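Protein sequence lines correspond, in order, to chains A and B. For the first sequence, position 137 (counting from the first letter as 1) is numbered 137 according to my numbering, and the numbering increases by one without interruption. For the second sequence, position 140 (counting from the first letter as 1) is numbered 1140 according to my numbering, and the numbering increases by one without interruption. C-beta atoms are modelled at their ideal positions from N, C-alpha and C, and glycine is treated no differently. All values reported here derive from a predicted model rather than from experimental measurement.
2 protein chains.
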Amino acid sequence: MLPKDPFNIRLSGRGGQGILLAGIILAEAGMKDGLNVVQTQSYGPQARLGASKSEVVLSGSEIAFPEVDIPDVLLCLTIDSYVKYGGTLSKDGIRIVEKMVTIEEEVEDAMILPVIETARALGDEIAANMVALGSVIALSGAVSKEHVMRTMEERIKPDYLELNKRAFQKGIQLVSQSDMSYQANPDGAKSGF
Amino acid sequence: MLPKDPFNIRLSGRGGQGILLAGIILAEAGMKDGLNVVQTQSYGPQARLGASKSEVVLSGSEIAFPEVDIPDVLLCLTIDSYVKYGGTLSKDGIRIVEKMVTIEEEVEDAMILPVIETARALGDEIAANMVALGSVIALSGAVSKEHVMRTMEERIKPDYLELNKRAFQKGIQLVSQSDMSYQANPDGAKSGF
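Below is the structure:
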């Protein structure tokens, strides 16, 4: 059951962090849930270094506007992506920000999670995208965990599957262990900036 | 150099044919060419069986409308996708239709190519997406072949890389060997239907 229909998710970070794969897995899990889904990936010549984003729109009906304008869930894995995309969020939207961003930037009105540290502790920072996906899904309930796991089996190379599944589970746990005093954006779009 | 800016490409077929991967490789090759690129994938609950599409918009400037409305290049790998998407094409647009579609459906104003047969002759129908990608790029010149090859090395599993590279080259050859009496759509959108 979607918390809202259509439900807009924006995942942002930098090129090489696997944001696209996280978006595709989210999209295909939504399709398995019986939803209509549009997944959009934007690339600029600077995407490898600068901020990049992957967007997913989920709906029980046909999707008229496939581009995420104001996200209901926003993930920022880097400072650059936080600066570029961090300010736009729907009323009661959920903002998830990687903990390392807070070292250099003041972050308010967000769920701060040690996504990258968690992936490193599992043995490889490359799995940060699946930690993040676990947290996004635990917080939003947008798609079923079972269908995410099944899509991971289809999309991830066998050698990396175990690591990625553990990363996904850790991402879910991060949310349940974190400080639940965080309140989803009560003031509507653009709050906190 | 793009034939037109923005340049819209729609790849269509059925779920499981690797249309998404072809779109991603096209998009990332465009980014390596220094272009702005938006890649969009739509999924419906029926996408595994019905018609599915992957769209790529390429531009030298920022892309204002990320969704392909009228494609400049249209690929249809199945009858269902031809029926659903085959009728919309820009003036002077290029329509590429899989030869097997012509067994059951009358196809006019299109470049008819034996994409699936070519992939089978290479040993695996799964490579049809890369044959198609080779033909799309040979016909449109939208992105550089070198950057497609480099992106394939990044995106395709090592075990399948050789097969996919050969498929891509065969797709390029298909175009140069085919009947060049085909004229790109001279009458503008919706012609031929």
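{"Item": "With 16 other Cβ atoms within 10 Å as the buried cut-off, status of residue 1192 of chain B", "Value": "Low per-residue confidence applies at residue 1192 of chain B: pLDDT is 42, beneath 50, and the placement is therefore not dependable enough to give any value."}
{"Item": "4 or more residues per run - each alpha helix (DSSP H) lying fully within the segment 24-112 of chain A", "Value": "79-85 and 101-104"}
{"Item": "According to DSSP, residues forming a beta bridge with residue 1120 of chain B", "Value": "In DSSP, residue 1120 of chain B forms no bridge with anything."}
{"Item": "Any chain A beta carbon closer than 7 Å to residue 1017 of chain B", "Value": "no"}
{"Item": "Proximal chain D residues relative to residue 66 of chain A, where beta-carbon distance stays under 9 Å", "Value": "No chain D is present in this structure, whose protein chains are A and B."}
{"Item": "Cross-strand partners of residue 1007 of chain B (DSSP beta bridge)", "Value": "B:1058"}
{"Item": "Partners in chain A for residue 1157 of chain B, counting only beta-carbon separations shorter than 8 Å", "Value": "157"}
{"Item": "Segment limits, alpha helix (DSSP H) that includes residue 1017 of chain B", "Value": "No alpha helix (DSSP H) contains residue 1017 of chain B, which DSSP labels as neither H nor E."}
{"Item": "Residue 1012 of chain B versus residue 1051 of chain B - alpha carbon distance", "Value": "7 Å"}
{"Item": "The segment 1012-1028 of chain B in contact with the segment 1061-1079 of chain B per 3-pair CB rule at 8 Å", "Value": "yes"}
{"Item": "Chain B contact for residue 13 of chain A (CB, 7 Å cutoff)", "Value": "no"}
{"Item": "Interface partners of residue 130 of chain A on chain B, CB under 8 Å", "Value": "Simply none; closest approach about 18 Å."}
{"Item": "Beta-carbon contacts of residue 41 of chain A that lie in its chain and below 6 Å, excluding the five residues immediately before and after", "Value": "20 and 54"}
{"Item": "C-alpha distance - residue 1033 of chain B paired with residue 44 of chain A, whole-angstrom precision", "Value": "10 Å"}
{"Item": "Candidates B:1007, B:1002 and B:1025, of which the one nearest residue 1164 of chain B by Cα", "Value": "B:1025"}
{"Item": "Whole-number beta carbon distance between residue 1089 of chain B and residue 1074 of chain B, since they are thought to touch under 8 Å", "Value": "5 Å"}
{"Item": "Interface partners of residue 1028 of chain B on chain A, CB under 8 Å", "Value": "43"}
{"Item": "Three-way DSSP call (helix, strand, coil) for residue 157 of chain A in this model", "Value": "coil"}
{"Item": "C-beta contact flag for residue 1131 of chain B and residue 1115 of chain B at 7 Å", "Value": "yes"}
{"Item": "Through-space distance from residue 1002 of chain B to residue 1038 of chain B, alpha-carbon basis", "Value": "15 Å"}
{"Item": "Local conformation of residue 1142 of chain B per DSSP, three classes", "Value": "coil"}
{"Item": "Chain B within 7 Å of residue 31 of chain A, Cβ atoms only", "Value": "yes"}
{"Item": "C-alpha gap between residue 1133 of chain B and residue 170 of chain A, whole angstroms", "Value": "38 Å"}
{"Item": "8 Å contact criterion, which residue 1023 of chain B and residue 1068 of chain B should meet: CB distance rounded", "Value": "Not really, about 11 Å apart at Cβ, beyond 8 Å."}
{"Item": "Chain A contact residues for residue 1037 of chain B, given Cβ-Cβ distances below 7 Å", "Value": "43"}
{"Item": "Proximity to residue 1172 of chain B [Cα-Cα], best of B:1005, B:1105, B:1149 and B:1159", "Value": "B:1149"}
{"Item": "Inter-stretch contact at 8 Å, needing at least 3 Cβ pairs: the segment 137-154 of chain A / the segment 116-126 of chain A", "Value": "no"}
{"Item": "CA-to-CA distance, residue 1139 of chain B to residue 1178 of chain B, given in whole angstroms", "Value": "11 Å"}
{"Item": "Contacting residues, own chain, Cβ-Cβ under 6 Å from residue 1018 of chain B (five flanking each side not counted)", "Value": "1129"}
{"Item": "Residue 1176 of chain B - DSSP class collapsed to helix/strand/coil", "Value": "helix"}
{"Item": "DSSP three-state assignment for residue 1192 of chain B, whether helix, strand or coil", "Value": "In this predicted model, residue 1192 of chain B has a pLDDT of only 42, less than 50, meaning its place in the structure is not dependable enough to derive any value."}
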